[in-house]
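Asks:
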Amino acid sequence: MVLRFDLHVHSKYSGDSQSEPGDIIKYAQKTGLGGVAIVDHGTVKGGIAGLRAAKKSDFIVIPGAEIKTDQGEIIGYFLTEEIESRSLMDVIDEMRAQDAVISVPHPFDTFRFNRLKSITEIQPPVDAVEVYNSRCLFESSNKKALAYSEKHSLAVTAGSDAHHIEEIGSAGIEIPGDNLRTEMLENKSYFGTKNPLLIHARTSLQNLIPKRL
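Numbering (our numbering), first residue to last: 1163 to 1375.
#1: Bridge partners for Thr1319 per DSSP, in chain order?
#2: When the Cα atoms are used, what is the spatial distance from Pro1338 to Arg1258?
#3: Which same chain residues, not among the five before or five after Gln1191, have their C-beta less than 7 Å away from its C-beta?
#4: Excluding the 5 residues flanking Ala1216 on each side, which residues of the same chain have their C-beta closer than 6 Å to its C-beta?
#5: Out of Ile1210, Leu1165, Arg1248 and Tyr1294, state which residue places its alpha-carbon closest to the alpha-carbon of Tyr1239.
#6: Suppose you measure from the CA of Leu1241 to the CA of Asp1261; what does that come to, to the nearest Å?
#7: Take Ser1303 and list the residues in its own chain whose beta-carbon comes closer than 6 Å to its own, dropping the five residues that flank it on each side.
#8: Which of the three DSSP states is assigned to Tyr1239 in this structure?
#9: Count the other CB atoms, across all protein chains shown, that sit within 10 Å of the CB of Ala1309; report buried if there are 16 or more and exposed otherwise.
#10: If we require 3 or more residues per run, which beta strand (DSSP E) segments fall completely within the segment 1198-1237?
#11: If you drop the 5 nearest sequence neighbours on each side, which residues of the same chain put their C-beta closer than 6 Å to that of Gly1208?
#12: Kindly confirm or deny that the segment 1289-1299 and the segment 1307-1322 touch, where touching means at least three C-beta pairs closer than 8 Å.
#13: Taking only three categories from DSSP, how would you classify Ala1262?
#14: Are Glu1336 and Asn1276 closer than 9 Å when you measure CB to CB?
#15: Whole angstroms are fine: how far does the CA of Ser1322 sit from the CA of Asp1178?
#16: Taking buried to mean at least 16 other C-beta atoms within 10 Å of its own C-beta, is Leu1299 buried or exposed?
#17: Note down, in chain order, each residue of its chain lying with its Cβ closer than 6 Å to the Cβ of Glu1256, except the 5 sequence neighbours on either side.
#18: Under the three-state reduction of DSSP, which class applies to Glu1246: helix, strand or coil?
#19: What is the rounded straight-line gap between the Cα of Gln1285 and the Cα of Ser1351?
Take a look at the structure:
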């Protein structure tokens, strides 16, 4: 059996989302997903909370974090401890110490100031590239990411980049889910559709609301 995984979901621990980990799981199950990766900005708290919330179900939660390094953002999957460094290579080393699968999110989306801007020059030692992000304004950004993954023989990840519950499931990958790490490291398949442009405006407005964790 093949399961669908949205590999880029944010919870309230990101600071620019109000989604409760438990609500993320409930909604994802309704959409038919087999699992999600909760990868909050700078912390694994959401992923750990998601693991607890899904403990009594068959739903799979992959804990991780989207870390803003001195060169831009990278995602580590299967993280259970916080990443303290912010230097790109040191962050990668810390993630490797936790046996993480490492991916570069939205690397060619020029509207993302936090993207890994120098990916083509640095060619960081990562495992995968996010080849579909539902929040990319232009499809060309995703197409360039796919071309980069093919050129450098990297695995592919994909996700909604959901900051609101209803975005979950708009993009992801399809794998059996029997051996997640191995399957993700070998994965070349994905699915995805763009999220409405108004989603970005909602997130901007939400950033103005005081946060309570």
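In this text, a Cβ means the ideal position worked out from N, Cα and C, and glycines have one as well.
Computed from a predicted structure; not experimentally measured.
Replies: Answer, in terms of the structure:
#1: Glu1292
#2: 24 Å
#3: Phe1221
#4: Ile1187 and Val1223
#5: Ile1210
#6: 8 Å
#7: Phe1270 and Asp1271
#8: strand
#9: exposed
#10: 1222-1231
#11: Ser1173, Tyr1175, Pro1183, Ile1200 and Asp1202
#12: yes
#13: coil
#14: no
#15: 15 Å
#16: exposed
#17: Ile1245 and Ser1247
#18: coil
#19: 22 Å
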